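Engineer: Residues 1 to 174 (my numbering) are what the sequence shown spells out, left to right.
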Amino acid sequence: MLAERLATLINRHWHWLLIGWIALAAGLKLIAPGWNEIAKDGDLEYLPAEVASLRGERLLQEAFPNEQAHSQISVVLSRRGEKLEADDRRFGLKVAEAIRAEEGLPLVDVWDETTQVVGDMLLAEEGSATMVVARLTSGLMDVGNVDLLKRMRALLAGLRADRPEGLRVDLTGS
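1. Determine the direct distance from the alpha carbon of residue 69 to that of residue 54, and round the result to whole angstroms.
2. Pair every Cβ in the stretch 80 to 92 with every Cβ in the stretch 133 to 142, then say whether three or more of these pairs are closer than 8 Å.
3. Checking 8 Å against the spacing of the C-beta atoms, do residue 155 and residue 169 come in under that value?
4. Contact check, residue 110 vs residue 129 under 8 Å by CB: the rounded distance?
5. Please report the residue range of the alpha helix (DSSP H) in which residue 61 lies.
6. Under the three-state reduction of DSSP, which class applies to residue 76: helix, strand or coil?
7. How about residue 131 and residue 73: are their beta carbons less than 8 Å apart?
8. Once DSSP output is grouped into helix, strand and coil, what is the label at residue 1?
9. Based on Cα-Cα distance, which residue from 166, 5, 77 and 67 lies nearest to residue 108?
10. If you follow the beta strand (DSSP E) that residue 131 is part of, which residue opens it and which one closes it?
11. Thinking just about the alpha-carbon of each residue, which of 58, 99, 143 and 83 is nearest to the one in residue 37?
12. Would you kindly report the start and end of the unbroken beta strand (DSSP E) that includes residue 163?
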């Protein structure tokens with residue numbers, strides 16, 4: 001009986017119900033906090049200590065206690081399986097310099113193919129790709145990484161005129 005009355009009321013006055021739902025949604029949008037106000041950096045710290053990712057992070061900190069980088073953005077330059085040309089590799093060095101010169105990035109350092117690291121930054125024996133790695137002080141889950149990624153895309157877009165024809169430039173990282 002009650003369900004029938006409610007159904008009749010809704011059928012007769014559906015437009016008022018719709019207006020009410022819209023008003024409720026708009027009101028909640030106005031009073032709800034923004035994402036940046038409630039999201040916290042270091043979200044992984046709130047996980048239980050036995051979670052594999054936290055155990056792995058602890059082991060890394062024990063093995064490399066002086067490591068300052070907490071995440072990275074890698075720029076991968078490739079020619080879809082073809083060997084990189086000299087201009088491609090020079091462009092990679094230019095990307096590295098542009099990242100180093102960018103003000104306000106949370107950089108520890110920038111690695112390019114000339115950086116002495118374990119392994120070779122020129123990928124594959126045939127030299128089909130190379131990387132520029134921006135090592136960052138910001139953590140993997142930091143809220144600011146959204147803006148950081150936008151800045152990196154804008155930086156690469158600003159270098160588009162200098163990019164050799166056919167060179168593919170991709171962003172990846174932690």
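Note that CB positions come from ideal geometry on N, CA and C, so glycine has one too.
Because the structure is a prediction, the values reported are computed rather than measured.
Structural biologist: Taking the definition as stated:
1. 16 Å
2. no
3. no
4. Not confirmed; about 17 Å, so no contact.
5. 52 to 63
6. strand
7. no
8. coil
9. 67
10. 129 to 136
11. 143
12. Taken as a continuous stretch (DSSP letters only), residue 163 belongs to no beta strand (DSSP E), as it is neither H nor E.
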